[in-house]
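Single-structure report; data block below.
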Amino acid sequence: MSENDFGMQGMYMAVAVRREHWHSRFAFVMAAVGSAVGLGNVWRFPYVCYKNGGGAFLIPYFVALFTAGIPLMVLEFSFGHWARGSPPTAFRRIGRKWEWFGWWTVLIPFGVASYYVVVMSWCFSYMIYSLDLRWDLDADVFFRSFLGDTGDPLVVGGVSVPVLLGLAVVWFFVFLILYRGVGRIGRVVAVTVPLPTLLLFLLTVRGLTLPGALEGVGYYLTPDFSELLDVGVWLSAFAQVFFSLSLAQGIMITYASYLRRDSDVTNNAFIISLADAGTSFLAGFTVFSVVGYLAVSQGVGVDGLGIAGPELTFITYPTAISLLPFAAVFFGVVFYVALLTFGIDSAFSMIEPMVAGVNSRWGVSKFWATGLVCLAGFLCSIFFSAGSGLYWLELVDHFVADFGLVLIGLFECLLLGWFFGASRLRKHANSVSDVLIGRWWDVLIRFVVPVVLAVLLVFSVYENICSPYLGYPWWVLLLGGVMPCLVLFLLSFVFARIGRGRYGVCSF
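Laid out in structure tokens, this is it:
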């Protein structure tokens with residue numbers, strides 16, 4: 004594609020779109036950090052790390068961060084800053100035939116949000132349920148008795164009323180925050196981002212003083228190099244980086260589109276990526292110190308606890324809280340409120356790209372676009388509030404987050420790196436940034452990252468065929484894993500064709 008295909012015409016078209024702006028760089032950084040630093044760090048990272056061998060997971064995780072995470076963050080910031088629109092609008096400016104990809108990038112986080120808010124509802128329910136127990140609560144009792152866990156994905160069970168009410172509350176707050184625009188988001192994250200980090204640090208200090216903490220930390224930091232031969236560990240590491248940094252989800256493209264023309268791109272990308280990785284690393288110390296304590300208490304090895312699932316953090320964090328020397332109830336409530344604020348930052352960031360896409364595609368007001376998207380999300384979330392919701396959540400998370408995000412990241416590198424031009428985006432980023440990136444970035448985006456992601460996907464698909472995930476029957480994997488991915492993919496083409504030609508000036 005020639006320079007004139009985009010050139011000044013494309014730039015003027017991007018500038019012409021009337022957009023809201025962040026009130027300050029601090030508001031943007033806090034919003035992006037709030038999106039990146041969330042339950043993915045304090046809930047998903049520890050259990051994925053534990054499931055993939057502890058220290059053996061950290062090596063591919065940091066390799067993924069520096070070879071794919073930060074370069075892709077720069078890529079998405081640069082593209083969003085240039086395009087000045089929601090992902091469907093942004094990719095449409097490359098060519099009408101690529102609009103479907105923009106919709107795919109916003110549908111994936113919408114799908115993730117549908118089960119992500121369920122975890123937030125668990126947090127809310129757990130906090131209420133534990134108030135009179137001083138956080139000395141068996142998580143198995145909570146999941147089996149309070150939430151009605153059936154113990155079998157094939158036995159759906161009834162809908163948990165506490166979880167359903169929690170879902171309604173979370174989605175309502177997402178709606179309230181989003182429909183008022185980025186100004187409201189900037190004010191919310193100024194409070195909701197720093198507080199959970201401070202409390203996480205407090206729990207880390209307490210966890211490290213527990214008997215057996217060193218065994219847990221040793222498992223966390225000591226790699227089993229034989230695990231590095233498992234392609235699944237590498238795929239999980241890259242997927243965790245994408246999930247945690249909100250990459251390949253249209254989120255950072257959308258947020259960067261609200262930046263002013265002279266806003267720094269590269270520096271912001273590095274700050275946000277490193278803040279996210281640092282929070283995940285800190286959460287690992289919190290969880291694994293308590294895991295070591297639990298292992299010593301039960302007389303088993305750290306890898307023998309058998310809690311390497313989504314419920315892991317509902318065992319470790321409450322244990323750390325209950326062992327605080329004073330004010331356990333107070334700190335427990337504050338921590339879970341903070342955890343909910345962590346989650347709400349990520350939840351509304353997952354929904355914002357979809358809302359922006361609906362707004363710009365069909366000219367629906369911000370109020371109605373937000374309301375419709377949140378209502379659809381709430382209805383999808385109800386499925387995960389049933390008795391078997393925990394198991395379907397883990398299945399959907401594995402396929403949508405692991406395979407879906409990595410596949411989008413691969414296609415994004417090919418489309419923006421080759422078709423649009425990595426050098427064009429690098430020059431745009433350098434024109435507004437203090438930290439300049441060289442041609443090495445082009446090589447990463449065009450060659451290294453796509454090759455690595457493609458190899459990981461091929462080998463991981465092969466492994467999943469040879470050894471079905473968690474030993475589930477094939478029809479369960481197809482229904483709970485492959486089908487959601489396929490539906491989201493097909494919907495992207497449907498959305499791209501409905502109301503074609505109705506794009507106008509964005510109303511927000």
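Here my numbering is used: the first residue of the sequence shown is 4, the next is one more, and so on. The C-beta atom is built at its ideal place from N, Cα and C for all residues, glycine as well. Being a predicted model, the structure only gives us computed values, none of them experimental.
query, result
"Distance between P49 and G281 (C-alpha atoms, nearest Å)", "13 Å"
"According to DSSP, residues forming a beta bridge with V294", "DSSP, once it has assigned bridges, lists no residue as partnering V294."
"Segment contact flag, the region 238-249 with the region 55-67, C-beta cutoff 8 Å, min 3 pairs", "yes"
"Close beta carbons around Q214, own chain, < 7 Å, minus the five adjacent residues each side", "What sits at residue 214 in the sequence shown is Pro, not Gln. These residues qualify, in order along the chain: Y296 and V299."
"A389 in three-state terms, based on DSSP", "strand"
"Other residues of its chain near W103: CB distance less than 7 Å, five sequence neighbours each side excluded", "S495, F496 and A499"
"Sequence-distant residues of the same chain with beta carbon closer than 7 Å to P112, five excluded per side", "Q252, G253, I254, M353 and P356"
"A93 beta carbon less than 8 Å from that of F82", "yes"
"First through last residue of the alpha helix (DSSP H) which encompasses E230", "From DSSP, E230 is part of no alpha helix (DSSP H); its letter is neither H nor E."
"Exposed unless 16 or more other CB atoms sit within 10 angstroms - verdict on Y339", "buried"
"Inter-residue Cα distance where the pair is V337 and V162", "28 Å"
"Where the alpha helix (DSSP H) containing I501 begins and where it ends", "Element bounds for I501: n/a, residue is neither H nor E."
"Residue interval of the alpha helix (DSSP H) (run including Q243)", "V234 to L248"
"Pairwise C-alpha distance: A389 and S148", "13 Å"
"Residue burial classification, M100 (beta-carbon count within 10 angstroms, cutoff 16)", "Residue 100 is actually Lys in this sequence, not Met. Counting Cβ neighbours within 10 Å, K100 comes out exposed, since fewer than 16 surround it."
"CA-to-CA distance, L61 to W395, given in whole angstroms", "27 Å"
"Cut-off 6 Å between Cβ atoms - residues of its own chain near F288, not counting five sequence neighbours on either side", "T207"
"At least three beta-carbon pairs within less than 8 Å, the region 217-224 to the region 376-392", "no"
"Within 8 Å, strictly: CB atoms of V120 and L168", "no"
"Status (buried if at least 16 other CB within 10 Å, exposed otherwise) for L493", "exposed"
"Simplified DSSP assignment, three categories, for V337", "helix"
"Which listed residue (P476, R183, S292 and L417) has its alpha carbon closest to that of W371", "R183"
"Status (buried if at least 16 other CB within 10 Å, exposed otherwise) for W477", "exposed"
"Bridge partner(s) assigned by DSSP for V376", "In the DSSP output, where bridge partners are listed per residue, V376 has none listed."
"Chain-order list of residues whose beta-carbon lies under 8 Å from that of V158 (same chain, five-residue window excluded)", "G390 and S391"
"Buried or exposed (CB count within 10 angstroms, at least 16 for buried), S247", "buried"
"Local Cβ density within 10 Å of D155, reported as buried at 16 or more and exposed below that", "exposed"
"Three or more C-beta pairs below 8 Å linking the region 221-236 and the region 358-370", "no"
"Beta-carbon proximity check, A39 vs S249, cutoff 8 Å", "yes"
"Simplified DSSP state of V196, which is helix, strand or coil", "coil"
"For V162, the residue or residues it bridges with in DSSP", "A389"
"Exposed unless 16 or more other CB atoms sit within 10 angstroms - verdict on S283", "buried"
"Supposed contact pair S470 and V234 - C-beta distance, whole angstroms, cut 8 Å", "Not confirmed; about 12 Å, so no contact."
"Sequence-distant residues of the same chain with beta carbon closer than 6 Å to T322, five excluded per side", "V293"
"Terminal residues of the alpha helix (DSSP H) in which L96 lies", "The question names Leu, but residue 96 is Arg in the sequence shown. P90 to I97 is the span of the alpha helix (DSSP H), which, as asked, contains R96."
"Beta-carbon proximity list for G43, same chain, < 6 Å, skipping 5 on both sides", "F246 and S247"
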